[in-house]
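**Q** Each protein sequence line maps, in turn, to chains S and A. Number 1309 in the working numbering belongs to position 180 of the first sequence; there are no gaps in the numbering. Number 1419 in the working numbering belongs to position 290 of the second sequence; there are no gaps in the numbering. Virtual Cβ for every residue (Gly too), placed ideally from N, Cα, C. Since the model is a prediction, treat every value here as computed from it, not as a measurement.
2 protein chains.
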Amino acid sequence: MLTVEEALAQILADVDPLAGQFTPLEESLGRVLAVDLSSDIDSPPHDKSMVDGYAVKIADVNQHPVSLPVNEEITAGQVPTRELTAGTSSRVMTGAPVPAGAEAVVMVEETELEETESGPLVRIPGQQISPGANILLQGTSIRRGDQVLTAGTRIRPLEIGLLAEIGQASICCIPVPRVAVLSTGNELVPASEVPAAGQIRNSNGPMLSAQARRCQAEVVSLGIGRDDQAELEELIQAGLDADILVLSGGVSAGVLDLVPAALAAQGVNEVFHKVELKPGKPLWYGRADHDGRRSHVFGLPGNPVSSLVCFELFVRPLVDRLAGRASIGMRCRQAQLQGHFRQRGNRPTFHPACYEGGKQGGTVEPVRWQGSADQRALTTANCLAYFSAGQQEFSPGTAVPVYLFEALDD
Amino acid sequence: MLTVEEALAQILADVDPLAGQFTPLEESLGRVLAVDLSSDIDSPPHDKSMVDGYAVKIADVNQHPVSLPVNEEITAGQVPTRELTAGTSSRVMTGAPVPAGAEAVVMVEETELEETESGPLVRIPGQQISPGANILLQGTSIRRGDQVLTAGTRIRPLEIGLLAEIGQASICCIPVPRVAVLSTGNELVPASEVPAAGQIRNSNGPMLSAQARRCQAEVVSLGIGRDDQAELEELIQAGLDADILVLSGGVSAGVLDLVPAALAAQGVNEVFHKVELKPGKPLWYGRADHDGRRSHVFGLPGNPVSSLVCFELFVRPLVDRLAGRASIGMRCRQAQLQGHFRQRGNRPTFHPACYEGGKQGGTVEPVRWQGSADQRALTTANCLAYFSAGQQEFSPGTAVPVYLFEALDD
Chain S
1130 MLTVEEALAQ ILADVDPLAG QFTPLEESLG RVLAVDLSSD IDSPPHDKSM
1180 VDGYAVKIAD VNQHPVSLPV NEEITAGQVP TRELTAGTSS RVMTGAPVPA
1230 GAEAVVMVEE TELEETESGP LVRIPGQQIS PGANILLQGT SIRRGDQVLT
1280 AGTRIRPLEI GLLAEIGQAS ICCIPVPRVA VLSTGNELVP ASEVPAAGQI
1330 RNSNGPMLSA QARRCQAEVV SLGIGRDDQA ELEELIQAGL DADILVLSGG
1380 VSAGVLDLVP AALAAQGVNE VFHKVELKPG KPLWYGRADH DGRRSHVFGL
1430 PGNPVSSLVC FELFVRPLVD RLAGRASIGM RCRQAQLQGH FRQRGNRPTF
1480 HPACYEGGKQ GGTVEPVRWQ GSADQRALTT ANCLAYFSAG QQEFSPGTAV
1530 PVYLFEALDD
Chain A
1130 MLTVEEALAQ ILADVDPLAG QFTPLEESLG RVLAVDLSSD IDSPPHDKSM
1180 VDGYAVKIAD VNQHPVSLPV NEEITAGQVP TRELTAGTSS RVMTGAPVPA
1230 GAEAVVMVEE TELEETESGP LVRIPGQQIS PGANILLQGT SIRRGDQVLT
1280 AGTRIRPLEI GLLAEIGQAS ICCIPVPRVA VLSTGNELVP ASEVPAAGQI
1330 RNSNGPMLSA QARRCQAEVV SLGIGRDDQA ELEELIQAGL DADILVLSGG
1380 VSAGVLDLVP AALAAQGVNE VFHKVELKPG KPLWYGRADH DGRRSHVFGL
1430 PGNPVSSLVC FELFVRPLVD RLAGRASIGM RCRQAQLQGH FRQRGNRPTF
1480 HPACYEGGKQ GGTVEPVRWQ GSADQRALTT ANCLAYFSAG QQEFSPGTAV
1530 PVYLFEALDD
C-alpha cells in the first residue's frame, strides 16, 4: 500500500499550474500572476508636490523673509500654465505637478497669504530650504518600461493597487481551479429534508464544498448520486468538466459500491486505490485525459472524518498546485501531547485535535469522538495531530506534529 | 489629537454585531452564528453498523465455528424487514441500521458466504465477540434536542458539515458587512484609461476594495468622485446605504478638499478628525444615523500608504466587530529590527515592512520607499512595523512590534 507521501507524489506528478487567462483586475485578488508585467507610465508621472504649498526659486526664499506674487493655483489633476520665474511663486496642492522652473515647495503652514489690489501675495519667512525640497521627481518610484511584478506573484490588495497604477485593468493570471463535489449513497437526503427511517442527511457534500471554497476553488455542487450505475455515470461525466472531481462514499467494499466501475466506464483511469493512512485508507485517485485537458478524480471514503482528512491531505495540495501557489498544503507545527493517545492498528494516524499555541510551544489534545461520523466532536478540532505507525502508546508530553486548520478559519 | 487607541475606541464604541439574518447553508461559510442551534435528529438516527458484515446473536458465534442462514441484506438507506432471531444472521453494510434483536456485527472479512439450495449461509469462525461490537447505538453522538452549536461560533467547513447533518439548510447568522469605497480627486482616472498630463490612475479604490474583500466584507465600488460638491453628495448618499463608507482623498488641507462639507450636508456627524499617527494623521471618522440604522464613514488620506495603514488599523477592526468575529484587527508579533530606523517627527509610526519568521523569533526590515505614493515598494511589505513616538533612532536588534498582513495573503 502507498504511504501518504507516495500517494501525494503520484497526485502531483506532472501537474503544472493551469494556463493563464485574462481576468478583470477586481477579480484577480488571491490569484497568481501568469506573466511578468511592466509599467506603461512613469511614477510619479510628473515632478509633483508632496505637500500643499508654494513653488519657489531657492534664491528668493533663502535667508530673508519675502513676499512673492502668486502666478496661479495648481490643484491635483491640473497642469501648470506658467513657468515659474524668479521673484514669483505658484500655489500647488499635494500631488499636483510643480511648474517648470520650480526649485522647491514651501509648506503652506509656514506661509501667510495676503490679497492685494494687484493680486495675491504670499509672505514667506526666511528659511534654509534645499533644492528639490518637497518635490518628488518624475519616475522616481517607477520608470516607464520597468518590470514591476513577476510571474508567480500572489495578488494581494497591495499588488492590486500597483496593478491599477500601471494600467492593468485586465490581468493574465492563473485561473481558479474548478472542483466538482458529488456525494453518493442511497441513504442520503439533502440538509433541507427530514430523513426517513434508514436515511441520513448529506453532510459531506456541503463540508467538502466549503473546504474547496477555502482553497479558493470554484465549486460545482453535483448533489447526491444514488447507487445506480447510469445515474452515477451521468453525474461523473458532468463532474469531469471540472479540474477536480471529488466523490464521497462508494469506494469501500460494500455491495453497492459502484463508483469505481462508473468511473472506469467514463474513461477515468485508476492511479491508486488505498493509502496507508487512518482514517482514509480506501482513498481512490484517478485521472481522465479528455478534450486536450486533464481531470483529477478523488473517491473519498464516505465518513466525515475520513473525507475531511483526505481532502486536506490530498486535494488541497493539488488545488494549490493548479492555482500556481508556491506553498501548498497545511502548515505543520510541533506540539506537546496532552493526555495519552493509543494508536490502534498499524497505519499512521491523522487525528482531529485541538491545538493551543503558547510562548513555550503549543499543546495538542486529540478530539474524543463516537465513531468517525461524529460531526459534533469534529467541530471542536482545529488541527490534525499526526501519530506515526507502529508505536502503540503516546504518553503526555510527547512532541507530536500538528497540521493546522488555519486555512479553514478565514 | 487622539492616539490610535483612543481613535479605535471611539470607532468601536456602542458598536454591536449586525442583526442576524437567514442565509442559505452554502453561503454561511465564514459567518458567525447569531443563535444557538439544536438538533432535530438523533445521530446516528438508528443503531447502525460501523462495518460491512453480519448481524448476529452473541451466543451463536462465541467459541465455536458456525454456519448461519442469512435473513436479508440491509444496505445503507434501507430499513431491516425482519427481526434477528437466534440461529440466524442478517447481512448489513456500513452505516445501515442493524435489525432489532442484533447483538453484534461480525466483519465480512472474517466470514465466508456459501450459496445453498435453501438460500445463503454464512460461515463464521468461533470468536470472542462482545455485546454491541461494531454497532453504534442511536443518539450516541447527538440526541434530538441537544444544543450542538452556540451563538458566536464562526462557521468553518467543519461546522457546515454539522449544520447540514442537523437540517439547517437556512441559518440565522450575522450578515457580511457592506463596505462602499469612493475615491475622490479630479486627478484620478480608472485603471483602464491612459492618464493625461497631470492625471494619475485610481489605485486606492481597487486596493481598498480588495482590503475590504479580505475582511470578508461585501464591496460596493462607487468609483471616482470629482471635486464637486453636488457630485460628491450624490455619491456619499449612495454610500450611506452600506454599513461602512470609505472615502480616500479630500480630507487634508487642500483648497478642493470638499469632502468634510459634503459629508456634513448628508447628515454625517464628525466624531474625530486627525489621529496621532504616521502615516494617516488626517484620518476623518463620522457616523450617520438614518432609517433606523447606522453608517460609519471614514475619510482616509489620499496616498496609498496612508490608505492601507488606516484601513488595516481602523476599518478592519470595525468590519470584524460588525461581523461578530471574536478576534479583531491584525495579529501582532515581536521582531528584531534589521538595520537602523530613524523616527522623524513626534508621531508613532506604522511603517510597511518585511517580516521574516524564524525559530529564534522573527526579524523585520522597514521597506524603503520614494514617498508615500510608492506602490511598488509597498508590494515588498508583508507587515507594519511599529515605532513609538518620541524616540529618534532605533538601532539594529531593537525589539519592534509588527502587525502582520497575513489576512491579506489568503
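Residues in its own chain within less than 7 Å of Gln1467(A) by CB, not counting five upstream and five downstream?
**A** Against the second sequence, residue 1467(A) aligns to sequence position 338. Same-chain partners within the cutoff: Thr1492, Val1493, Glu1494, Pro1525.
**Q** If you count every other CB in all the chains shown that lies within 10 Å of the CB of Arg1330(S), and 16 or more means buried, which is it?
**A** Within the first sequence, numbered from 1, the residue matching residue 1330(S) stands at position 201. So Arg1330(S) ends up on the buried side.
**Q** Could you work out which residue in Gly1486(S), Cys1302(S), Ser1172(S), Glu1347(S) is closest to Glu1265(S) when comparing CA atoms only?
**A** Taking the first residue of the first sequence as 1, we reach residue 1265(S) at position 136. The amino acid at residue 1265(S) is misidentified as Glu; the sequence shows Leu. The shortest Cα separation from Leu1265(S) among Gly1486(S), Cys1302(S), Ser1172(S), Glu1347(S) belongs to Ser1172(S).
**Q** Could you round the C-beta distance between Leu1197(S) and Ser1218(S) to whole angstroms and report it? I think they count as a contact, below 8 Å.
**A** For the purposes of this step, residue 1197(S) is taken as the residue at position 68 of the first sequence. For the purposes of this step, residue 1218(S) is taken as the residue at position 89 of the first sequence. Confirmed, about 4 Å.
**Q** In this structure, what does DSSP give as the bridge partners for Thr1245(A)?
**A** Indexing the second sequence from 1 puts residue 1245(A) at position 116. Answer is Gly1248(A).
**Q** Please check if any C-beta of chain S sits within less than 8 Å of the C-beta of Ser1270(A).
**A** Translated into the one-based positions of the second sequence, residue 1270(A) becomes position 141. Yes, Ser1270(A) counts as interfacial toward chain S.
**Q** Under 7 Å between beta-carbons, which chain A residues line up against Asp1503(S)? List them in chain order, please.
**A** Position 374 of the first sequence holds residue 1503(S). By Cβ distance, chain A contributes Ser1270.
**Q** Count Cβ pairs between the stretch 1285 to 1303 of chain S and the stretch 1335 to 1354 of chain A that sit closer than 8 Å; are there 3 or more?
**A** Enough Cβ pairs lie closer than 8 Å, so yes.
**Q** My output table needs one value for Leu1291(S): the three-state DSSP class, helix, strand or coil.
**A** Sequence index remark: in the first sequence, residue 1291(S) carries index 162 (1-based). Three-state DSSP puts Leu1291(S) in a helix.
**Q** Could you give the DSSP three-state label for Val1439(A): helix, strand or coil?
**A** Counting from one through the second sequence, the residue named residue 1439(A) turns up at place 310. Position check: residue 1439(A) holds Cys in this sequence, whereas Val was assumed. If DSSP states are grouped into helix, strand and coil, Cys1439(A) belongs with the helices.
**Q** In the stretch 1199 to 1215 of chain A, which residues sit with their C-beta less than 9 Å from some C-beta in chain S, listed in chain order?
**A** Result list: Glu1202, Ile1203, Thr1204, Ala1205, Gly1206, Gln1207, Val1208, Pro1209.
**Q** Of all the residues that make up the stretch 1280 to 1291 of chain S, which are near chain A by a beta-carbon distance shorter than 9 Å?
**A** So the list reads Thr1282, Arg1283, Ile1284, Arg1285, Pro1286, Leu1287, Glu1288, Ile1289, Gly1290, Leu1291, given in the order they occur along the chain.
**Q** Residues in the same chain with beta-carbon distance under 8 Å from Ala1502(S), minus the five sequence neighbours each way, listed in chain order, please.
**A** Start at 1 with the first residue of the first sequence, and residue 1502(S) comes out as number 373. The residues are Asn1432, Pro1433, Val1434.
**Q** Look up Gln1467(A) in the DSSP assignment and say whether it is helix, strand or coil.
**A** As a working mapping, residue 1467(A) is identified with position 338 in the second sequence. Residue state, collapsed to three classes: coil.
**Q** Please decide whether Leu1197(A) counts as near chain S, where near means a Cβ-Cβ distance under 8 Å.
**A** Here residue 1197(A) refers to the residue found at position 68 of the second sequence. By this cut-off, Leu1197(A) is not an interface position.
**Q** Under 7 Å between beta-carbons, which chain S residues line up against Glu1241(A)? List them in chain order, please.
**A** Here residue 1241(A) refers to the residue found at position 112 of the second sequence. What Glu1241(A) touches in chain S: nothing, since even the nearest Cβ is about 15 Å away.
**Q** What do you reckon, are the CB atoms on Ile1253(A) and Ala1233(A) nearer than 8 Å?
**A** On the second sequence, position 124 is the one that residue 1253(A) refers to. On the second sequence, position 104 is the one that residue 1233(A) refers to. Contact flag unset, no.
**Q** Using a Cβ distance threshold of 8 Å, determine whether the stretch 1504 to 1513 of chain S contacts the stretch 1416 to 1426 of chain S, with at least three qualifying pairs required.
**A** Touching, no.
**Q** List the whole-angstrom C-beta distance separating Lys1407(A) from Pro1481(A), where the pair is believed to meet the contact cut-off of C-beta under 8 Å.
**A** Mapped onto the second sequence, residue 1407(A) falls at position 278. Mapped onto the second sequence, residue 1481(A) falls at position 352. Not a contact, Cβ separation roughly 12 Å.
**Q** Please check if any C-beta of chain S sits within less than 8 Å of the C-beta of Glu1553(A).
**A** A question about residue 1553(A) goes unanswered here, because the residues of chain A that appear run from 1130 up to 1539.
**Q** Would you mind telling me which residues of chain S sit closer than 9 Å to Asn1475(A), beta carbon to beta carbon, in chain order?
**A** Taking the first residue of the second sequence as 1, we reach residue 1475(A) at position 346. The premise fails here: Asn1475(A) is roughly 15 Å from chain S at the closest Cβ pair, so nothing lies under 9 Å.
**Q** Take Leu1170(A) and list the residues in its own chain whose beta-carbon comes closer than 8 Å to its own, dropping the five residues that flank it on each side.
**A** As a first step, residue 1170(A) is located in the second sequence; it is residue number 41 there, counting from the start. The sequence as given places Ile at residue 1170(A); Leu does not occur at that position. Excluding residues within five positions, the ones whose Cβ falls inside 8 Å are Ile1271, Arg1273, Glu1294, Ile1295, Gly1296.
**Q** For Lys1488(A), count neighbouring Cβ atoms within 10 angstroms of its own Cβ and tell me buried if that reaches 16, exposed if not.
**A** In the second sequence, the residue the question calls residue 1488(A) occupies position 359. Burial call: exposed.
**Q** Name the chain S residues whose beta carbon is nearer than 9 Å to that of Asn1315(A)?
**A** The residue given as residue 1315(A) occupies position 186 in the second sequence. Within chain S, the residues near Asn1315(A) are Thr1204, Ala1205, Gly1206, Gln1207.
**Q** When you compare each of Ser1247(A), Glu1244(A), Glu1246(A), Gly1255(A) to Met1236(A) by their alpha carbons, which one comes out closest?
**A** Reading the second sequence from its first residue, position 107 is the one you call residue 1236(A). Out of Ser1247(A), Glu1244(A), Glu1246(A), Gly1255(A), Gly1255(A) has the C-alpha closest to the C-alpha of Met1236(A).
**Q** Round the Cβ separation of Ser1157(S) and Ile1365(S) to the nearest angstrom and send it over; I've been treating them as touching at under 8 Å.
**A** One-based indexing of the first sequence puts residue 1157(S) at position 28. One-based indexing of the first sequence puts residue 1365(S) at position 236. With 8 Å as the limit, Ser1157(S) and Ile1365(S) do not qualify as a contact, their Cβ atoms being about 32 Å apart.
**Q** According to the neighbour-count rule (16 or more other Cβ atoms, all chains shown, within 10 Å of its Cβ), is Asp1130(S) buried or exposed?
**A** Counting from one through the first sequence, the residue named residue 1130(S) turns up at place 1. What sits at residue 1130(S) in the sequence shown is Met, not Asp. Exposed, since its Cβ has fewer than 16 Cβ neighbours within 10 Å.
**Q** What are the partner residues of Leu1398(A), as DSSP defines its beta bridges?
**A** For the purposes of this step, residue 1398(A) is taken as the residue at position 269 of the second sequence. Per the sequence shown, residue 1398(A) should be read as Asn rather than Leu. DSSP output for Asn1398(A) lists Arg1416(A) as bridge partner(s).
**Q** For the candidate residues Gln1267(S), Leu1351(S), Asn1263(S), whose alpha-carbon lies nearest to that of Thr1313(S)?
**A** In the first sequence, residue 1313(S) corresponds to position 184, counting from 1. Nearest C-alpha to Thr1313(S): Leu1351(S).
**Q** Give me the residue from Pro1324(S), Val1375(S), Gly1327(S) with the minimum Cα distance to Pro1335(S).
**A** One-based indexing of the first sequence puts residue 1335(S) at position 206. Closest option to Pro1335(S), Cα to Cα, is Val1375(S).
**Q** Pick helix, strand or coil for Ala1138(A), following the three-state DSSP scheme.
**A** Walking along the second sequence from the start, residue 1138(A) turns up at place 9. Ala1138(A) falls in the helix class under three-state DSSP.
**Q** Which chain S residues sit within Cβ distance under 8 Å of Thr1478(A)?
**A** In the second sequence, the residue the question calls residue 1478(A) occupies position 349. Within chain S, no residue comes near Thr1478(A); the closest Cβ sits about 17 Å away, beyond 8 Å.
**Q** Does any residue of chain S bring its CB to less than 8 Å from the CB of Met1336(A)?
**A** Within the second sequence, numbered from 1, the residue matching residue 1336(A) stands at position 207. Chain S contact via Cβ: present.
**Q** Figure out for me which residue from Val1426(A), His1193(A), Glu1535(A) has the closest Cα to the Cα of Gly1368(A).
**A** Taking the first residue of the second sequence as position 1, residue 1368(A) is located at position 239. Among Val1426(A), His1193(A), Glu1535(A), the Cα nearest to that of Gly1368(A) is on Val1426(A).
**Q** Could you tell me the alpha carbon to alpha carbon distance between Phe1534(S) and Leu1447(S), rounded to whole angstroms?
**A** Here residue 1534(S) corresponds to residue number 405 of the first sequence, with the count starting at 1. Here residue 1447(S) corresponds to residue number 318 of the first sequence, with the count starting at 1. Rounded to whole angstroms, Phe1534(S) to Leu1447(S) spans 17 Å at the Cα level.
**Q** Consult DSSP for Gln1276(S) and reduce its assignment to one of helix, strand or coil.
**A** Numbered from its first residue, the first sequence carries residue 1276(S) at position 147. Strand.
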